[in-house]
Amino acid sequence: MTYAREFPDIALFGWSGMTDNLIIRNILDSMSDSLVVLGSEGQVLYANKMTVDILGYSPEELAEKGVGLLFLVNEDNYDFNQIFVDAVWKKSINEYSEVDYKHPDGSTRRLAATTSYLLADGEHESTFIGFVAIFKDITEIHNLRRKERELTLEKERIAKEKINSLHKLAMGVAHEIRNPVVTIGGFSNRIAKNESNSEETRQYARNIFEDVKKLEEVVDEVQQYCNLPEVHLSLGNLAAVMEKSIAQLTLRAGERNIRLVLHNFMPEGTEVPFDPALVKTALLILLENAVHFSSDGAVVELGAYRVGDQTVIEVKDSGRGIREQDREFIFNPFFSTRTHGSGMGLAVVERIVHEHMGKLEVESEVGVGTTIRLFLPGNSSVTN
1 MTYAREFPDI ALFGWSGMTD NLIIRNILDS MSDSLVVLGS EGQVLYANKM TVDILGYSPE
61 ELAEKGVGLL FLVNEDNYDF NQIFVDAVWK KSINEYSEVD YKHPDGSTRR LAATTSYLLA
121 DGEHESTFIG FVAIFKDITE IHNLRRKERE LTLEKERIAK EKINSLHKLA MGVAHEIRNP
181 VVTIGGFSNR IAKNESNSEE TRQYARNIFE DVKKLEEVVD EVQQYCNLPE VHLSLGNLAA
241 VMEKSIAQLT LRAGERNIRL VLHNFMPEGT EVPFDPALVK TALLILLENA VHFSSDGAVV
301 ELGAYRVGDQ TVIEVKDSGR GIREQDREFI FNPFFSTRTH GSGMGLAVVE RIVHEHMGKL
361 EVESEVGVGT TIRLFLPGNS SVTN
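Position 192 of the sequence shown, counting from 1, maps to 192 under the numbering used here, and the rest follow consecutively.
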C-alpha cells in the first residue's frame, strides 16, 4: 500500500519527508476513532485505518469513490450526510453532534462527530485546505443512556403509582378510623370524669383516652397526606422560606440546646420555581425529625445550593443515623423508628418532592448522622 498514490494531495498537509509521513500515519492509524480529511471540493485526502470499522469503508474506497458515491446516495443517513454537506458546500464546521449511522453491514450505530477547518501555515497567513472529520462510535454509551432513561421513566411511573395507591389507602384509613376514634374518645372521657366510677375504672378510661389522642394524631397526619394541595410553582425566594422554617422550630430545638444553622449558598437575589407552602411543610418535617434524633447540644444544618439546573436543599444532623436495612423503607407510610411516630412525615416529604418533579437522596451512617437532600428542578433567575 502506498499512501502517496492513494492520496496524491497528502503533501498539502505539510508533511515532508518519508520518516515524518510514516510517524504521522502510524499515529493517526493508532487512533480509536475514524479520521477523514476532505479537500476544499469534497475529495478525500486521507482516512485512517479505523474508518474501516466505524464507517465500513477502507481508505482506498474513500479515495476512489469519495463521499458522494459512498454516503450521500444513502437517504437513511441524512443527518450523517449533513455533516459533509455543511463542511464541503456550506463551509460550516460542526464542533460536536451525535447522529445515527446505517453501517454497510446493516447495523445502526451512534456516532459522535466533530469537524474542523484544515489550514496550512504560509509565510504570511494560513491557507485553507479543507476539513477534518472525526467520528467516534458511541453506540454502547448511547444504549446505556437510553436504558438509563427508560429505567428512570419506569422508576417515576412506579413512584407515581405508589403515591396514588397510598393516597387512596390513606383516604380510606382516615375515613374508617376517625368516626370510631371520636366515639371511643368521647365515651372514655365521660367514664374518666364520672366520679361514681371506681378509681381503677377511671384510670383505665384515662389510659384509653390518651391512646385515642395518639391515634387521632395519626389520623390527622394521614389526613394531611391526603389533603396536600396541588403544586403551584412560582419564582420565589427559597432563602426566606428556609429562614421561616428554622424560626418556627428554634424554640423547640432550644429546649434541648440544639442549634439550627442556615447555610445559603444561593447567589443573592436568586429566585427558583417552587411552591413555598409545600416546601416549607417538607422542611418543617425534616427539621423536626433531625431535632428529634439529635442529641442535646447538637447542631442541625439546613442548606441550599445549585447543581446545574437543579436547586438542592440539604438537611443534615449528627444523630444516631439510619440502619442500612431501614433505609429503603423510611419514606413508606406508617414506617417509623420513633417510639410514638406515625411514619407519615417522610411520606409527605416524598410526595411533595415528587409533585415538584424532583428527587430525594439519603446519606446516613449509624452513629454519625443523616443528610437528606431535596433536588428541585427548574432554572433560577437573579433579581436586581
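Glycine is no exception: its CB is placed at the ideal position from the N, C-alpha and C atoms.
- request: Take the Cβ of SER68 as the centre, count every other Cβ of all protein chains shown within 10 Å, and call the residue buried at 16 or more, exposed below.
  value: Within the sequence shown, numbered from 1, the residue matching residue 68 stands at position 68. Note on identity: in this sequence residue 68 is Gly, with Ser being the wrong assignment. The residue is exposed, with fewer than 16 neighbouring Cβ atoms inside 10 Å.
query: Assuming SER34 contacts LEU55 under a Cβ cut-off of 8 Å, what Cβ separation, rounded to an integer in Å, is found between them?
result: Walking along the sequence shown from the start, residue 34 turns up at place 34. Walking along the sequence shown from the start, residue 55 turns up at place 55. Rounded, the Cβ-Cβ distance is 6 Å, consistent with contact.
Cross-strand partners of GLN310 (DSSP beta bridge): Taking the sequence shown and counting its residues from 1, the one referred to as residue 310 is at position 310. In DSSP, GLN310 forms a bridge with VAL307 and PRO377.
- request: State the DSSP-derived secondary structure class of GLU328, mapped to helix, strand or coil.
  value: Looking up residue 328 in the sequence shown gives position 328. Residue state, collapsed to three classes: helix.
field: Residue of GLY345, ARG351 and GLY39 minimising C-alpha distance to VAL288
entry: Along the sequence shown, read from residue 1 onward, the residue named residue 288 stands at position 288. The sequence given here has Glu at residue 288, not Val. Selected option, being the one with the closest Cα: GLY345.
Terminal residues of the beta strand (DSSP E) in which HIS392 lies: This structure leaves residue 392 out entirely; the chain is present only between 1 and 384.
field: Limits of the unbroken alpha helix (DSSP H) element including ALA47
entry: As a first step, residue 47 must be located in the sequence shown, where it is residue number 47. Here ALA47 belongs to no alpha helix (DSSP H); instead the beta strand (DSSP E) covers 44 to 47.
message: Could you compute how far the alpha carbon of PRO267 sits from the alpha carbon of ALA304?
response: In the sequence shown, counting from the first residue as 1, residue 267 sits at position 267. In the sequence shown, counting from the first residue as 1, residue 304 sits at position 304. If I take the Cα positions, the gap works out to 10 Å.
Stretch pair the stretch 170 to 181 + the stretch 215 to 229: three plus CB contacts closer than 8 Å: Enough Cβ pairs lie closer than 8 Å, so yes.
task: State the beta-bridge partners of SER116 as determined by DSSP.
output: By one-based count along the sequence shown, residue 116 stands at place 116. According to DSSP, which records beta bridges pairwise, SER116 is partnered with VAL132.
task: Tell me whether PRO273 sits in a helix, a strand or coil according to DSSP, three-state version.
output: On the sequence shown, residue 273 is found 273 positions in, with the first residue counted as 1. Reduced to three states, the DSSP call for PRO273 is strand.
message: Let's test the definition: count the other Cβ atoms within 10 Å of the Cβ of SER381 and tell me whether it reaches 16, buried, or not, exposed.
response: Within the sequence shown, numbered from 1, the residue matching residue 381 stands at position 381. Answer is exposed; the Cβ neighbour count stays below 16.
message: Looking only at its chain, what residues have a beta carbon closer than 8 Å to the beta carbon of GLY17, apart from the 5 residues adjacent to it on each side?
response: Taking the first residue of the sequence shown as position 1, residue 17 is located at position 17. The predicted position of GLY17 is uncertain, since its pLDDT is 48 and thus under 50; a value taken from the coordinates is nonetheless stated next. Cβ neighbours of GLY17 beyond the five flanking positions: none.
- request: From the DSSP output, in three-state form, read off TRP15 for me.
  value: Within the sequence shown, numbered from 1, the residue matching residue 15 stands at position 15. With a pLDDT of 47 at TRP15, under the threshold of 50, the modelled position of that residue is not reliable, and no figure is offered here.
field: Cβ-based burial, LEU153 [other Cβ within 10 Å; buried from 16]
entry: Residue numbering aside, residue 153 sits at position 153 when the sequence shown is read from its first letter. Result: exposed.
query: Along the chain, where does the alpha helix (DSSP H) that runs through GLU355 open and close?
result: The residue labelled residue 355 in the question sits at position 355 within the sequence shown. For GLU355, the uninterrupted alpha helix (DSSP H) run begins and ends at 345 to 355, by DSSP.
field: Touch test, the stretch 136 to 146 against the stretch 106 to 120, Cβ-Cβ under 8 Å, three pairs minimum
entry: yes
query: Around the C-beta of PHE131, are 16 or more other C-beta atoms found within 10 angstroms, so that it is buried, or is it exposed?
result: One-based indexing of the sequence shown puts residue 131 at position 131. PHE131 counts as buried, since at least 16 other C-beta atoms from the protein chains shown sit within 10 angstroms of its C-beta.
- prompt: DSSP on THR337, reduced to helix/strand/coil?
  reply: Position 337 of the sequence shown, counted from the first residue, corresponds to residue 337. Residue state, collapsed to three classes: coil.
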